[in-house]
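Numbering (our numbering), first residue to last: 199 to 734.
Below: one structure, written as structure tokens.
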Amino acid sequence: MQFMPSMEATPSLPEIRFAPDKLQALQQEYLKDSITLFSQGAGSHPSTDKRFSDAAWGSNPVASYAAAAYLLNARTLMGLADAVEADAKTRSRIRFAVEQWMAASAPSNFLAFNAEAQKKALDTQGESIAKGLHNLVHDMRQGHVSMTDESLFEVGKNVATTEGAVVFENPYFQLIEYKPLTAKVFEKPFLMVPPCINKFYILDLQPENSLVRYAVAQGHRTFVVSWRNPDESLAKATWDDYIEKAVMQAIKVVQEITAAPTVNALGFCVGGTMLGTALAVLAARGEKPVASATLLTTFLDFSDTGILDLFIDEAFVQYREKELGQGGLMKGGDLASTFSFLRPNDLVWNYVVGNYLKGETPPPFDLLYWNSDSTNLPGPYYAWYLRNTYLENNLVKPGKAVVCGEKIDLGHVDIPMYFYGSREDHIVPIGGAYASAHALPGKKRFVQGASGHIAGVINPPAKNKRSHWIRADGKLPKTHAQWLEGATEHPGSWWTDWSTWLKSHAGKQVAAPKIYGKGKYKALMPAPGSYVKAKA
């Protein structure tokens with residue numbers, strides 16, 4: 199996924215003023231609703247909010263009243279946020295802060311008010327409270343709130359299990375080659391570049407939802423970059439290092455192993471941003487080793503970054519540059535917590551209530567196990583990225599960004615491209631993914647999927663879930679809204695459409711290799727390798 203600053207140094211806000219007419223209307227509505235609520239007393243206040251929808255809330259007058267009063271106050275505070283007279287960014291920051299406050303102060307988060315947790319404590323004769331305390335101590339020791347039963351997963355045992363071998367490694371990454379599942383493979387090899395903010399196995403969770411295995415089964419000789427989880431030895435690593443010594447190095451090694459003049463490549467999220475940058479550097483050097491590229495939920499144009507824009511301004515970026523620009527690590531736990539608080543009710547307080555107040559063990563879920571397996575980032579890499587993408591949007595300004603000694607111009611990356619964006623993505627909003635397609639000049643195909651940043655991408659055809667949208671005419675008008683007007687919804691996964699597209703750029707089929715690697719590139723260890731197992 200794309201990454202953002204942690205919330206420890208949120209930008210300051212200017213003096214707040216309210217629109218008088220909106221303020222007066224809010225006051226009148228609040229007074230009316232308060233009188234209605236008070237006149238009903240501590241009676242039943244049924245709610246459609248899932249936090250208060252259990253029957254226990256309706257049968258407990260005190261809890262029901264607390265929930266109703268909370269929802270009234272929440273509506274009013276959000277109304278006040280919307281009534282602020284300020285620029286759009288300031289208003290959005292205020293709204294975000296109020297949402298965080300209201301999510302944290304919900305009566306469902308406290309045993310004294312949570313009727314459902316109280317009923318469970320009585321029904322289990324206090325066992326749920328004892329289990330909740332045990333869960334709390336466990337999570338404090340591991341340093342994060344459990345979203346799934348992590349004890350049930352092990353990398354290489356029941357996640358990241360597609361058969362393969364590490365055929366190259368350097369201080370930045372290990373390159374995995376996967377064992378063919380077909381007698382013949384396409385002559386152009388296929389390289390996947392996942393985001394370095396997370397472990398690569400989001401692309402290889404279980405056999406039934408593995409994009410890696412799917413690509414292999416379609417006849418592609420598949421390689422994947424497995425990023426090293428940075429420690430102090432990489433504390434001074436830069437964006438240039440990751441482009442030259444990782445992405446471009448991976449392309450070169452795949453070419454040498456396969457003896458293929460060109461490869462097909464895929465970048466996911468910030469992996470796509472890095473792949474796009476690497477292609478621009480190569481183009482500046484007169485090189486064109488990639489025949490086609492797929493970018494999944496990727497920013498190249500950072501003009502529409504959605505909620506992440508709230509955290510970025512000149513003062514904040516300067517703060518991070520002074521803190522980390524010359525060296526240090528951006529801790530993976532801090533980044534993971536920040537991402538969770540983008541959706542606090544679903545990804546934070548839901549688990550606080552379930553784990554600690556109700557004493558529940560969250561069910562096993564491979565995606566959430568992966569989500570908790572955080573990675574660090576080198577400080578200089580992170581600081582460069584903040585300034586040149588989120589703050590200044592330099593990648594789409596020809597000659598503005600200098601990477602690996604080259605003034606880059608995405609306009610010179612003239613190859614067939616497949617762009618995918620998720621409709622409900624809060625990390626890479628669909629408008630940002632679509633705008634990024636316009637940053638490149640080659641023949642392009644854009645597809646929109648349902649759901650969010652991860653669930654929209656990891657959507658195997660066999661499950662026949664969700665849907666995707668395609669324009670039959672292949673046109674890419676200026677805005678996403680215009681594109682959507684001419685798009686048609688298709689049931690099921692976008693993978694099948696992408697597979698057809700990728701095969702059209704993969705060349706003829708040749709006999710599948712019998713061994714991993716070639717020449718000096720030999721199998722070093724079985725997949726998924728060792729780098730992916732290092733904890734932040």
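Think of the CB as a built atom: it goes at the ideal place given N, C-alpha and C, for glycine as much as any other residue.
It should be emphasised that the depicted structure is a prediction, and the values quoted were computed from it without experimental measurement.
In the three-state reduction of the DSSP assignment, I628 falls in the helix class. Straight-line spacing of the CA atoms in S257 and E227 works out to 28 angstroms. Among the bridge pairs identified by DSSP, K382 is matched with A709. Residue nearest to I292 within the set A302, P305, A304 and L278 is L278 (criterion: CA-CA distance).
When only Cα atoms are considered, A709 and R419 end up about 11 angstroms apart. Sequence-distant partners of K598 (beyond 5 residues in either direction) whose C-beta falls short of 6 angstroms from its own C-beta, in its chain, are N592.
At a Cβ-Cβ threshold of 8 angstroms, T360 and Y376 count as neighbours. Straight-line spacing of the CA atoms in P369 and L589 works out to 29 angstroms.
For I327, there is no enclosing beta strand (DSSP E); the enclosing alpha helix (DSSP H) has its first and last residue at E325 to Q340. By the C-beta density criterion, I713 is exposed, having fewer than 16 other C-beta atoms within 10 angstroms. The C-beta of N333 has 16 or more other C-beta atoms within 10 Å across all chains shown, which makes the residue buried. Residue pairing for I668: DSSP places it in a beta bridge opposite T686.
In chain order, P627, G629, G630 and A633 place their CB closer than 8 angstroms to the CB of D502, counting only its own chain and leaving out the 5 sequence neighbours on each side. Annotation for L722: V364 place their beta carbon closer than 6 angstroms to its own, counting only its chain and skipping 5 residues before and after. H666 is not a Cβ neighbour of G650, given a cutoff of 8 angstroms. In the DSSP assignment, M472 falls within the unbroken alpha helix (DSSP H) covering V468 to A482. Note on geometry: alpha-carbon atoms of L506 and I441 lie some 24 angstroms from one another. The segment 311-328 and the segment 551-570 touch, with three or more beta-carbon pairs separated by less than 8 angstroms. Taking 8 angstroms as the upper bound for CB-CB distance, V488 and A463 are in contact here, some 5 angstroms apart. Check the Cα spacing between E385 and each of N586, A734, A315 and L700: the tightest is with L700. Excluding residues up to 5 positions away in sequence, V364, E367, Q372, I374 and S424 lie with their Cβ nearer than 8 angstroms to the Cβ of G727 in the same chain.
Rounded to whole angstroms, the Cβ separation of V461 and F388 is 7 angstroms, and the two are in contact under 8 angstroms. Residue pairing by DSSP puts F366 in a beta bridge opposite L373. In this structure, W693 keeps its C-beta atom at 8 angstroms or more from the C-beta atom of N662.
When the five nearest sequence neighbours on each side are left out, the beta carbons in the same chain lying within less than 8 angstroms of the beta carbon of D607 are those of A478, A481, A482, P596 and G597, in order along the chain. One thing to note: K318 has its Cβ no nearer than 8 angstroms to the Cβ of Q707. Every unbroken stretch of the beta strand (DSSP E) spanning 3 or more residues and falling wholly within the segment 536-624 is given here in chain order: 615-620. Residue pairing of G647 in beta bridges, as defined by DSSP: S620 and H666.
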